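Protein chains: 2
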Amino acid sequence: MALEPGDGPEELVATLRSLDRDPAVHAVLVEHPLPAPFDFFRAVDELRPEKDVDGVGARNLGRLVGQRPVHVPAVARAALAIARHYHLPLDGETTAVVGRSTTVGLPLALLLASPPPGGNAAVTVLHSRSGELARRLAGARTIFSCVGRPGLLDRTNVPEGAHVVDVGLSSVPDPDRPGSQLAVGDADPRALDGWAGSLSPVPGGVGPVTVAELMASTVRAWRSLVRGEGVA
Amino acid sequence: MALEPGDGPEELVATLRSLDRDPAVHAVLVEHPLPAPFDFFRAVDELRPEKDVDGVGARNLGRLVGQRPVHVPAVARAALAIARHYHLPLDGETTAVVGRSTTVGLPLALLLASPPPGGNAAVTVLHSRSGELARRLAGARTIFSCVGRPGLLDRTNVPEGAHVVDVGLSSVPDPDRPGSQLAVGDADPRALDGWAGSLSPVPGGVGPVTVAELMASTVRAWRSLVRGEGVA
């Protein structure tokens, strides 16, 4: 069942319901944000947890709170995987997540706060209303930024030696190529050079690892649905 | 459909499925923890979100992450209601939740981090592995403790003037009445007297407010199911 130009929210819901029933389909990803009047969460909740491969439906997010996840949002898995790969301080350490979005900041905070294989960290969730970022980040050894605000993190708020995993993604005009856009993260890499313990780049950091994690989740979904194996 | 002594997990699941279908039933609470081999979460997930009145099923917890809750666990609502009633510092303030359980600590942290009517706070989730409680609580203006460990909070780790909402509940032998038990919280009230900004008592604090919040949620469930009104 394919969507046509002009189809509305009901057609999207019906399409996802049909994909959920189709035994030849093992994983479904709904790109978002969706424009009004589409309701992303209503649509994705049509999927059974095993097919909701990016783990953003209510049942998958609830199972993440319950520390018995089926699929965890790939971007959160990617941020944790990068931190683990480079042995950044997590277990029992003070860790900050800047941004409280449903599909990125909060799932990442829950994953970092979970017992192993989660981050097992002491996690602080900050958001645009919890100002005074410098004071609140003072004790953080690893910072995950998921806001989408270029230049948010620099020497004025990142503690010297702290590690930054940059989950932000924004487009800004390219100063060297008028009319072109550059992809940038939340951190100012020039300001943090020689100051932060480490900084994951944008582009080329969390983004490609997210794609890899999503493919891994897709294989797990197939295993679960076809072979009856557990997803986790 | 009533459960009989000797019934097992399958009968519990069947009972909840039956209650979920019964139009004369508007709200169901499953007491927990359940002894093995019962699986509390598997059982409660048989309920539609509107009937899962304590908001502990995966769909309700997921909708809390999604900041579009149907029912929020009553104990989390109660802790927030007490903090609001006494005008404790929350909005944009450094707030700590000690304990990361699925039914208490994590839902409370999510509710405190949510935009209004949530707490809109900068929330730190601490747990038994994030030691050095004193250092981690240093900047907290309001502390919610949900561990169930008597004497956990005293002058050595609560900052002077900080407010403590005590969500912990434990039984200890009553020194004045041999053979009897006393209900106590996580905080040591004698140690914090004249030190903490305020301390909610145990018993007589979060407990009775939780009962009131559960009754309020039950009325909302009835309104939603019978009148078709939104729950929130």
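As you go down the protein sequences, you meet chains V and R in turn.
Everything in the first sequence is counted per our numbering, starting at 1121 for the first residue and increasing by one.
Everything in the second sequence is counted per our numbering, starting at 1121 for the first residue and increasing by one.
The beta-carbon is built from N, C-alpha and C at its ideal position, and this holds for glycine as well.
Computed from a predicted model, the values in this text were never measured in an experiment.
Practice item. Helix, strand or coil for residue 1194 of chain V, going by three-state DSSP, please let me know. Key: helix
Exercise for review: Inspect the beta-carbon positions of residue 1279 of chain R and residue 1227 of chain R and report whether they are closer than 7 Å.
Suggested key: no
Check your understanding: Within the chosen definition, does the segment 1178-1192 of chain V reach the segment 1206-1217 of chain V through at least 3 CB pairs nearer than 8 Å?
Key -> no
Practice item. Could you tell me whether the Cβ of residue 1181 of chain R comes closer than 7 Å to any Cβ of chain V? Key: yes
Check your understanding: By how many angstroms is the C-alpha of residue 1295 of chain V removed from the C-alpha of residue 1222 of chain R?
Key -> 48 Å
Practice item. Compare the C-alpha of residue 1270 of chain R against each of R:1288, R:1247, R:1212 and R:1137 and name the closest. Key: R:1288
Check your understanding: Under the three-state reduction of DSSP, which class applies to residue 1289 of chain V: helix, strand or coil?
Key -> coil
Point to revise | Beta-carbon contacts of residue 1244 of chain V that lie in its chain and below 6 Å, excluding the five residues immediately before and after | key: Setting aside the 5 residues that flank it on each side, residue 1244 of chain V is surrounded in the same chain by 1216, each with a C-beta closer than 6 Å to its C-beta; the list follows chain order.
**Study point:** Nearest-angstrom beta carbon gap, residue 1233 of chain R and residue 1225 of chain R [assumed within contact, 8 Å]
**Key:** 12 Å between Cβ atoms; not a contact.
Point to revise | Local Cβ density within 10 Å of residue 1321 of chain R, reported as buried at 16 or more and exposed below that | key: exposed
**Study point:** Boundaries (first-last residue) of the beta strand (DSSP E) holding residue 1265 of chain V
**Key:** 1262-1265
Check your understanding: Which residues, in chain order, does the segment 1234-1254 of chain V contribute to contact with chain R at a C-beta distance below 9 Å?
Key -> 1234, 1235, 1240, 1241, 1242, 1243, 1244, 1245, 1246, 1247, 1249, 1250, 1251 and 1252
Check your understanding: Relative to chain R, which residues along the segment 1161-1182 of chain V have a C-beta separation below 9 Å, given in chain order?
Key -> Within the segment 1161-1182 of chain V, the residues whose Cβ lies closer than 9 Å to some Cβ of chain R are 1161, 1165, 1169, 1176, 1177, 1178, 1179, 1180, 1181 and 1182, listed in chain order.
Check your understanding: When you compare each of V:1147, V:1284, V:1212 and V:1334 to residue 1255 of chain R by their alpha carbons, which one comes out closest?
Key -> V:1212
Check your understanding: Of all the CB atoms in chain R, is at least one closer than 7 Å to the CB of residue 1186 of chain V?
Key -> Taking Cβ atoms only, chain R reaches closer than 7 Å to residue 1186 of chain V, which makes this a yes.
Point to revise | 7 Å Cβ cutoff, residue 1222 of chain R in contact with chain V | key: In terms of beta-carbon proximity, residue 1222 of chain R lines the interface with chain V, with at least one pair separated by less than 7 Å.
Practice item. Please say whether residue 1171 of chain V and residue 1147 of chain V have beta carbons closer to each other than 7 Å? Key: yes
Check your understanding: Thinking C-beta only, is residue 1199 of chain V closer than 7 Å to residue 1346 of chain V?
Key -> no
Review point. Which two residues bound the contiguous beta strand (DSSP E) that contains residue 1215 of chain V?
Key: Where residue 1215 of chain V is concerned, the enclosing beta strand (DSSP E) stretches over 1214-1218.
**Study point:** Cut-off 6 Å between Cβ atoms - residues of its own chain near residue 1174 of chain R, not counting five sequence neighbours on either side
**Key:** Here the set comprises 1149, 1193 and 1194.
Review point. So the alpha helix (DSSP H) residue 1176 of chain V belongs to, where does it begin and stop?
Key: Counting along the chain, residue 1176 of chain V sits inside no alpha helix (DSSP H), nor does DSSP assign it H or E at all.
**Study point:** Proximal residues of chain V, C-beta to C-beta of residue 1226 of chain R below 8 Å
**Key:** Near residue 1226 of chain R (Cβ distances below 8 Å), the residues of chain V are 1185, 1230 and 1233.
**Study point:** Classification of residue 1123 of chain V by the beta-carbon crowding that lies within 10 angstroms, buried from 16 upward
**Key:** exposed
Point to revise | Coil, strand or helix - residue 1138 of chain V by DSSP | key: Three-state result, residue 1138 of chain V: helix.
Check your understanding: chain V partners of residue 1256 of chain R, CB-CB under 7 Å?
Key -> 1214 and 1242
Exercise for review: Throw me the rounded Cβ distance for the residue 1219 of chain V and residue 1265 of chain V pair, which I believe falls under 8 Å.
Suggested key: Between the beta-carbon of residue 1219 of chain V and that of residue 1265 of chain V there is about 7 Å, and that keeps the pair under the 8 Å contact cut.
Practice item. For residue 1102 of chain V, collect the residues of the same chain with a Cβ closer than 8 Å to its Cβ; drop the 5 residues on either side in sequence, then sort them by chain order. Key: Here chain V has residues from 1121 to 1352 only, and residue 1102 of chain V is not among them.
**Study point:** Short Cβ contact (7 Å threshold) for residue 1177 of chain R with residue 1165 of chain R
**Key:** yes
**Study point:** Whole-angstrom distance between residue 1128 of chain R and residue 1156 of chain R, CA atom to CA atom
**Key:** 10 Å
Check your understanding: To the nearest whole angstrom, what separates the beta carbons of residue 1302 of chain V and residue 1275 of chain V, a pair I think is in contact under 8 Å?
Key -> Going by Cβ atoms, the distance from residue 1302 of chain V to residue 1275 of chain V rounds to 22 Å, so no, they are not a contact pair.
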